[in-house]
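**Student:**
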Amino acid sequence: MRITTWNVNSIKQRVGHLTAFLDEARPDVVCLQELKCQDEAFPRAEVEASGYAVETLGQKAYNGVALLVRAPLTISEIRRGLPGDGEDVQARYIEALVSGADTAPVRVASIYLPNGNPVDSPKYPYKLAFLERLRLHARNLMRAETALVLAGDYNVIPEPSDAADPEAWRGDALFLPQSRAAFRALLAEGLTDGLRACDPRDGLYTFWDYQAGCWPRNFGIRIDHLLLSPQAADRLVSASVQKHLRGLDKPSDHVPVTVELSAG
DNA sequence: ATGACTGGCCCTGCCAGA
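Encoded structure:
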């Protein structure tokens with residue numbers, strides 16, 4: 022089972038790139054972030070035509086997450102929102118169980134973590150609180166011992182080696198010590214960073230800013246992650262970044278990241 | 001060459017992203 026995460030930065034702007042990717046790469050599960058549209062505006066027919074079931078949690082203008090599952094795999098036990106969202110209606114979390122006749126089931130979440138800038142605004146404590154709520158939810162899910170993949174745009178640069186120029190990110194919400202510590206606390210629940218487990222090299226990036234020639238200069242950062250529970254990590258076969266999609270016309274500023282799990 | 005973006009929105013500068 023191949024599982025991809027991709028922040029598309031507006032699904033309406035990116036549906037052509039998405040369906041081309043689905044038809045070429047044929048991932049089994051796709052976790053999308055930053056849809057920037059409401060559920061009824063999601064280009065459902067185009068995605069279904071590529072053979073995928075679609076579950077969305079949309080929001081007008083901002084945020085928005087979705088799960089795509091390729092037939093004959095099936096999707097069930099859909100959860101929208103993270104425990105403790107309360108009055109907060111930001112569409113940042115959707116989760117479901119993916120099952121198939123020839124594979125052990127995998128619970129998959131598509132997560133769009135808050136950016137958190139500026140750090141002296143309420144946005145930063147909101148980001149840290151979201152990471153803590155995610156940690157507690159992950160702990161609860163892992164008790165069931167079903168393979169679990171928490172995939173998405175975490176807006177966290179885990180280590181200096183995950184940035185081309187870590188000094189440029191000093192003081193930023195993506196790289197502050199408290200952000201990195203909260204991410205490590207999540208990992209310490211027993212999760213494995215799927216890409217890092219497969220490829221220890223420097224220079225693996227998933228985001229390049231549109232500005233200042235970041236892409237041609239390869240000034241990237243690694244902030245899109247697939248975190249695997251022990252049952253999922255035991256099945257980890259490979260992981261890769263689909264970097265070429267950043268070079269297309271009108272690209273997202275993020276590229277897809279994919280892990281392959283054995284059937285179990 | 002000193003590199004200044006992109007998307008969405010109560011349409012036009014402003015917020016948000018990272």
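First residue of the first sequence? That's 22 in the numbering used here, and the numbers climb one at a time after it.
Cβ atoms here follow ideal geometry from the backbone N, Cα and C, with glycine treated the same way.
With a 10 Å radius around its C-beta and 16 neighbouring C-beta atoms as the bar for buried, classify glycine 107 as buried or exposed.
**Tutor:** Looking up residue 107 in the first sequence gives position 86. Per the 10 Å Cβ criterion, exposed.
**Student:** Is DSSP giving threonine 40 helix, strand or coil here?
**Tutor:** By one-based count along the first sequence, residue 40 stands at place 19. It is helical.
**Student:** Is the beta carbon of isoleucine 24 sitting closer than 9 Å to the one on valine 170?
**Tutor:** Here residue 24 is taken as the residue at index 3 of the first sequence, counted from 1. Here residue 170 is taken as the residue at index 149 of the first sequence, counted from 1. It is a contact, given that the beta carbons lie within the stated cut-off.
**Student:** Check for me: the beta strand (DSSP E) holding glutamate 281 runs from which residue to which?
**Tutor:** Counting from 1 along the first sequence, the entry for residue 281 is found at position 260. Segment 278–282, the beta strand (DSSP E) holding glutamate 281.
**Student:** What is the DSSP secondary structure of alanine 92, counted as helix, strand or coil?
**Tutor:** Within the first sequence, residue 92 is the residue found at index 71, counting from 1. It is coil, neither helix nor strand.
**Student:** The beta strand (DSSP E) spanning leucine 208 covers which residue range?
**Tutor:** Position 187 of the first sequence holds residue 208. Counting along the chain, leucine 208 falls outside any beta strand (DSSP E), though it belongs to the alpha helix (DSSP H) covering 198–208.
**Student:** Name the two residues that bound the continuous alpha helix (DSSP H) containing valine 68.
**Tutor:** Sequence index remark: in the first sequence, residue 68 carries index 47 (1-based). Per DSSP, valine 68 belongs to the alpha helix (DSSP H) from 65–70.
**Student:** State the start and end residues of the unbroken beta strand (DSSP E) segment that holds alanine 130.
**Tutor:** Within the first sequence, residue 130 is the residue found at index 109, counting from 1. Element bounds for alanine 130: 124–133.
**Student:** Buried or exposed: valine 29, going by 16 or more other Cβ atoms within 10 Å of its Cβ?
**Tutor:** For the purposes of this step, residue 29 is taken as the residue at position 8 of the first sequence. Valine 29 should be labelled buried.
**Student:** Throw me the rounded Cβ distance for the threonine 213 and histidine 275 pair, which I believe falls under 8 Å.
**Tutor:** Residue numbering aside, residue 213 sits at position 192 when the first sequence is read from its first letter. Residue numbering aside, residue 275 sits at position 254 when the first sequence is read from its first letter. Not a contact, Cβ separation roughly 21 Å.
**Student:** Going by DSSP, name the residue or residues bridged to phenylalanine 228.
**Tutor:** Translated into the one-based positions of the first sequence, residue 228 becomes position 207. Answer is Ile242, His275, bridged to phenylalanine 228.
**Student:** Between the segment 145–161 and the segment 237–244, do three or more beta carbon pairs fall short of 8 Å?
**Tutor:** Short answer: they don't touch.
**Student:** Smallest Cα separation from aspartate 186: which of Tyr145, Cys235, Lys33, Ser31?
**Tutor:** One-based indexing of the first sequence puts residue 186 at position 165. It is Cys235.
**Student:** Using a threshold of 8 Å, is the CB atom of leucine 247 nearer than that to any non-hydrogen atom of the ligand MG?
**Tutor:** Among the components of this structure there are no ligands whatsoever, and the ligand MG is therefore not found.
**Student:** Based on Cα-Cα distance, which residue from Thr40, Leu208, Val86 lies nearest to leucine 266?
**Tutor:** Looking up residue 266 in the first sequence gives position 245. Ranking the options by Cα distance to leucine 266, first place goes to Thr40.
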